[in-house]
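Following: one structure in structure tokens, then a few remarks.
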Amino acid sequence: MDNRKTPLENGLLAFVLLGMCVLPLIYIFTPLFNFANYSLPVGANVLGIVTFAIALYLFWRSHHDLGKNWSPTLQVREDHTLITKGIYQNIRHPMYTAIWLWVIAQALLLTNWIVGLSGVITFGTLYFFRVGNEENMMLEQFGEQYQAYRQRTKRLVPFLF
50 MDNRKTPLEN
60 GLLAFVLLGM
70 CVLPLIYIFT
80 PLFNFANYSL
90 PVGANVLGIV
100 TFAIALYLFW
110 RSHHDLGKNW
120 SPTLQVREDH
130 TLITKGIYQN
140 IRHPMYTAIW
150 LWVIAQALLL
160 TNWIVGLSGV
170 ITFGTLYFFR
180 VGNEENMMLE
190 QFGEQYQAYR
200 QRTKRLVPFL
210 F
């Protein structure tokens with residue numbers, strides 16, 4: 050088993066929890082951050098709801114397709130297999146795509162400069178630290194099979210990026 054859980058990664062996961070869960074809950078249940086509110090047109094709320102629904106589906110589907118291979122930390126287990134079917138057929142990191150959509154929805158639905166952007170900032174930090182390490186780990190584990198998969202798929206958005 051290759052486990053790359055480091056104190057830095059643990060700290061980044063806690064940072065994401067703060068930005069995507071703790072601060073939004075404080076905002077929803079207290080007036081603490083009301084001084085930083087902003088307003089958006091009603092259409093932005095609708096877009097936020099739709100974006101969040103897509104994020105939830107994509108997150109569920111990613112977990113479903115990964116099955117026993119899923120882990121919240123960077124690790125490859127003894128019986129780890131490379132998943133290239135289902136949602137993984139066109140993108141390598143649909144779970145990250147789902148979380149990007151989630152934090153965009155958060156900014157559209159929680160109209161506050163602190164809380165709305167906290168998810169983008171905290172998850173963005175984790176993403177940019179982690180995705181390269183994850184790609185390298187998969188390349189080390191699966192070699193040419195992963196390299197071929199990387200060449201025929203995009204990282205986050207099918208056919209684009």
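Residue numbers for the sequence shown follow the numbering used here, so the first one is 50 and each next one is one higher.
We put the beta carbon where it would ideally sit given N, CA and C, even for glycine.
| query | result |
| --- | --- |
| Span of the alpha helix (DSSP H), counted from its first residue to its last, around Thr171 | Val164 to Phe191 |
| The segment 134-142 contacting the segment 69-84, beta-carbon criterion three pairs below 8 Å | no |
| Cβ neighbours of Phe178 in the same chain (closer than 7 Å, five flanking residues each side left out) | Leu61 |
| Buried/exposed call for Gln155, threshold 16 Cβ in 10 Å | buried |
| Terminal residues of the alpha helix (DSSP H) in which Val206 lies | Here Val206 belongs to no alpha helix (DSSP H), and DSSP marks it neither H nor E. |
| Buried versus exposed call for Tyr106 [16 or more other C-beta atoms within 10 Å across all chains shown] | exposed |
| Proximity below 8 Å, CB of Phe172 to CB of Val65 | yes |
| Residues of its chain near Pro73, where Cβ-Cβ distance is below 8 Å and the 5 sequence neighbours each way are ignored | Gln155, Leu159, Val164, Ser167 and Gly168 |
| Buried or exposed (CB count within 10 angstroms, at least 16 for buried), Ile148 | buried |
| Close-in-space but distant-in-sequence residues of the same chain around Val180 (CB under 8 Å, 5 per side omitted) | His142, Tyr145 and Arg204 |
| Alpha-carbon to alpha-carbon, Arg201 and Tyr176 | 22 Å |
| Outcome for Trp109 when other beta-carbon atoms lying within 10 angstroms are tallied against a minimum of 16 | exposed |
| Thr122 versus Gly116 - alpha carbon distance | 15 Å |
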